[in-house]
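Line order of the protein sequences matches chains A and B. Numbering follows our numbering, in which position 119 of the first sequence is assigned residue number 119; successive positions increment by one, without gaps. For our numbering, count along the second sequence from 1 and bump the result up by 1000. Backbone N, C-alpha and C fix where the C-beta goes; we use that ideal spot for every residue, glycine too. Read the structure below first, then the notes.
2 protein chains.
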Amino acid sequence: MSSFQQLFSSKRRPQVSCESCSLGRLCIPQGLSEQEVELVSRIVTINRTLGKGDYLYHSGEWFHRFLALKSGTVKLVTLDGAGNEYVVDFVMPGELLGFDGLSGERYTCSAIALETVSYCELPPHQLERLGREIPKLSQILLQLSGSQFQLGIQRVVLSRRQADERLAAFLAHLSERHRKRGFSPTEFRLSMTRQEIGNYLGLAPETVSRLMSQFEASGLILVQGKMVRILDMDGLLRFCSQ
Amino acid sequence: MSSFQQLFSSKRRPQVSCESCSLGRLCIPQGLSEQEVELVSRIVTINRTLGKGDYLYHSGEWFHRFLALKSGTVKLVTLDGAGNEYVVDFVMPGELLGFDGLSGERYTCSAIALETVSYCELPPHQLERLGREIPKLSQILLQLSGSQFQLGIQRVVLSRRQADERLAAFLAHLSERHRKRGFSPTEFRLSMTRQEIGNYLGLAPETVSRLMSQFEASGLILVQGKMVRILDMDGLLRFCSQ
DNA sequence: CGGCCGCTTGATGAGTGTCAAGCGCCGTGG
DNA sequence: CCACGGCGCTTGACACTCATCAAGCGGCCG
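Next comes the structure, spelled out in structure tokens:
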């Protein structure tokens, strides 16, 4: 992506403030007053754009910002000693990135755009400073960090399940997240490859592919490449709770 | 365990303050000045004791306190709809409990003592209030919460590995944690059953048992029931990094 | 239009769960 | 103090899920 644009726009004030952002419900502004949001809005450095495959930040880089995703999807990956990639999470608009840098001084994951993305930047030091004026802000941040831990617990539970249950839960979760953002919960595009889904779920890409076909044969979903339509949500959910 | 003792002692001021606690390095006091630790010490409600099998808190209960473990080991478990138990974490002295309640209003896990434990209680509201006076405190709390997320990432990576690598990493991690607490890193007692280890690692208890025998046959460790002696730490670590 | 990469589907095998049986330790009660 | 009972641990045999290898297809981008 054009790093020229980035350089220029980084000098400017944000074009879009938090007050007018439609993702407020999901992002930091949740539970803050208008005035408080205004204060937060001031430390949001910029509204950037990146293309598919670009890095929002690299593993090992200094932790110097939280990112609030505005549009697009991001994968959070970590590497082991042998250079194997592990997909830790998929991030959707309204969600924060950077929690993997919170415990140390450096990010332990890389954040990579799966499609064109736009996002805002929040300097942790300023957030911290602002947190003294707005106690609620510190609380929200801690709460969001706790949600990350919660996601980890969900994954532990999921990782003990059969392959088909894992994929069903994954699709149901994606559907729910689309719904929360005002998109169709029954028809959406998978911005990640089968390989990435498999990596995330601890399955081989072939297994993901097979299961999708199987779900389609069972009349649960309809698949056309990256597009997925959920035909029988109850049937899908029955997989998860069982 | 005697709930009488609890009722009585809960009315008292703590006998042991944070200033004199040997676990300060690991617990909240890390990085705080003496005065600040003194302030924290004042909101630490109590120094309690529980026996094996007792619950420190229950899943579904209101999140009303953090716990700082002083001695003993605790398992953090969550349940799925079918009532299956999933071991989320093992907690050792100096570590905080309660992060699973941070994102909502209720705990999502139960904390169960694996042996006699003692611990302190920290009311989140008071911590939050104190955080306004001591910015560093909010920071530490957020950092500790971030470490929980970090542990989740480690588990993701580990869960993709072979059974023997998982167990080797588990033993090495336990060893390291013992070392940090001033105990022998080469000889220690497993306070959890093979079943619980297996549950934690995503393995059947039989597999854990078999692998321990295998490690012993390879001269890596020496097993006598719950006692483990590590004979070849390098050999064990070679499993993990590979 | 061509090439590449991602997706699909099939065949095979390895790793690990499951079932089963026996052992031994520990706590309990006579 | 010893006998009993139970539970956790060990070890073996077998089955099954899912990874791996392989080949062919198809869509997207250059």
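Just checking my contact of residue i with residue j at CB under 8 Å: how many whole Å lie between their CB atoms?
i	j	result
ALA163 of chain A	LEU211 of chain A	6 Å
VAL1117 of chain B	LEU1050 of chain B	5 Å
SER1138 of chain B	SER145 of chain A	About 11 Å separates the two Cβ atoms, so there is no contact after all.
Under 8 Å between C-beta atoms, does residue i make it to chain A?
i	result
ILE1153 of chain B	yes
LEU1142 of chain B	yes
GLU1216 of chain B	no
GLN1030 of chain B	no
VAL1088 of chain B	yes
SER1147 of chain B	yes
ARG1166 of chain B	no
GLN1195 of chain B	no
ASP1234 of chain B	no
MET1227 of chain B	no
SER1002 of chain B	Reliability fails at SER1002 of chain B, whose pLDDT of 42 lies under 50, so the model's placement of it is uncertain and the value that follows must be treated cautiously. Closer than 8 Å: no.
GLU1085 of chain B	no
GLN1139 of chain B	yes
GLY1053 of chain B	no
THR1078 of chain B	yes
PHE1170 of chain B	no
PHE1066 of chain B	no
PHE1099 of chain B	yes
Excluding sequence positions up to five away, which residues of its chain have a Cβ less than 6 Å from the Cβ of residue i?
i	result
THR207 of chain A	ALA163
ASP1089 of chain B	LEU1076
LEU1167 of chain B	LEU1211
PRO185 of chain A	SER175, HIS178 and ARG179
CYS27 of chain A	ALA68 and GLY94
ILE1134 of chain B	GLU1036
GLU187 of chain A	ARG229
State yes or no: is the beta carbon of residue i nearer than 8 Å to at least one beta carbon in chain B?
i	result
LEU56 of chain A	no
GLN150 of chain A	yes
CYS109 of chain A	yes
PHE8 of chain A	Residue placement at PHE8 of chain A is poorly supported in this model, since its pLDDT is 42, which falls under 50; the coordinates are not used for a value here.
THR207 of chain A	no
LEU102 of chain A	yes
GLU115 of chain A	no
VAL40 of chain A	no
SER251 of chain A	The structure shown does not extend to residue 251 of chain A, since chain A is modelled only from 1 to 242, so the question has no answer here.
VAL156 of chain A	yes
ARG160 of chain A	yes
PRO135 of chain A	yes
SER241 of chain A	yes
GLU128 of chain A	yes
ARG238 of chain A	no
ARG132 of chain A	yes
GLY202 of chain A	yes
GLY81 of chain A	yes
Within the same chain, show all residues whose beta-carbon is closer than 8 Å to that of residue i, passing over the 5 residues directly before and after it, in chain order.
i	result
LEU44 of chain A	Looking at the sequence shown, residue 44 of chain A is not Leu but Val. Result list for VAL44 of chain A: PRO14, SER17, CYS18, ALA68, CYS120, GLU121 and LEU122, in chain order.
THR1193 of chain B	PRO1205
May I have the straight-line CA-CA distance separating residue i from residue j, to the nearest angstrom?
i	j	result
GLN1005 of chain B	GLY1072 of chain B	Below a pLDDT of 50, predicted positions are generally treated as unreliable, and GLN1005 of chain B, at 41, falls in that range; no measurement from the model is reported.
LEU236 of chain A	GLU165 of chain A	9 Å
GLN1143 of chain B	TYR107 of chain A	13 Å
SER175 of chain A	ARG189 of chain A	10 Å
CYS240 of chain A	ALA169 of chain A	5 Å
GLY1182 of chain B	ARG1025 of chain B	12 Å
LEU130 of chain A	GLU95 of chain A	20 Å
LEU1158 of chain B	ALA1172 of chain B	13 Å
ASN1084 of chain B	ALA82 of chain A	34 Å
GLY198 of chain A	VAL87 of chain A	9 Å
ILE1140 of chain B	GLN1030 of chain B	8 Å
ARG1155 of chain B	VAL1223 of chain B	25 Å
HIS64 of chain A	GLU38 of chain A	22 Å
GLY104 of chain A	ASP234 of chain A	42 Å
LEU1032 of chain B	GLU34 of chain A	34 Å
PHE1066 of chain B	TYR57 of chain A	33 Å
ASN1047 of chain B	SER1020 of chain B	13 Å
ALA217 of chain A	GLN1214 of chain B	44 Å
Looking only at its chain, what residues have a beta carbon closer than 7 Å to the beta carbon of residue i, apart from the 5 residues adjacent to it on each side?
i	result
GLN1195 of chain B	PRO1205
GLU115 of chain A	LYS52, GLY72, THR73 and SER191
ARG132 of chain A	none
LEU1007 of chain B	The pLDDT assigned to LEU1007 of chain B is 40, lower than 50, so where the model puts this residue is not dependable; a value taken from the coordinates is nonetheless given after this. Nothing listed; no residue qualifies.
SER59 of chain A	THR78, LEU79, TYR107, THR108, CYS109 and SER110
TRP1062 of chain B	GLU1105 and ARG1106
The stretch 1099–1119 of chain B in contact with the stretch 141–158 of chain A per 3-pair CB rule at 8 Å: yes
Three-pair Cβ contact test at 8 Å for the stretch 227–235 of chain A versus the stretch 198–207 of chain A: no
Touch test, the stretch 1126–1133 of chain B against the stretch 1030–1045 of chain B, Cβ-Cβ under 8 Å, three pairs minimum: yes
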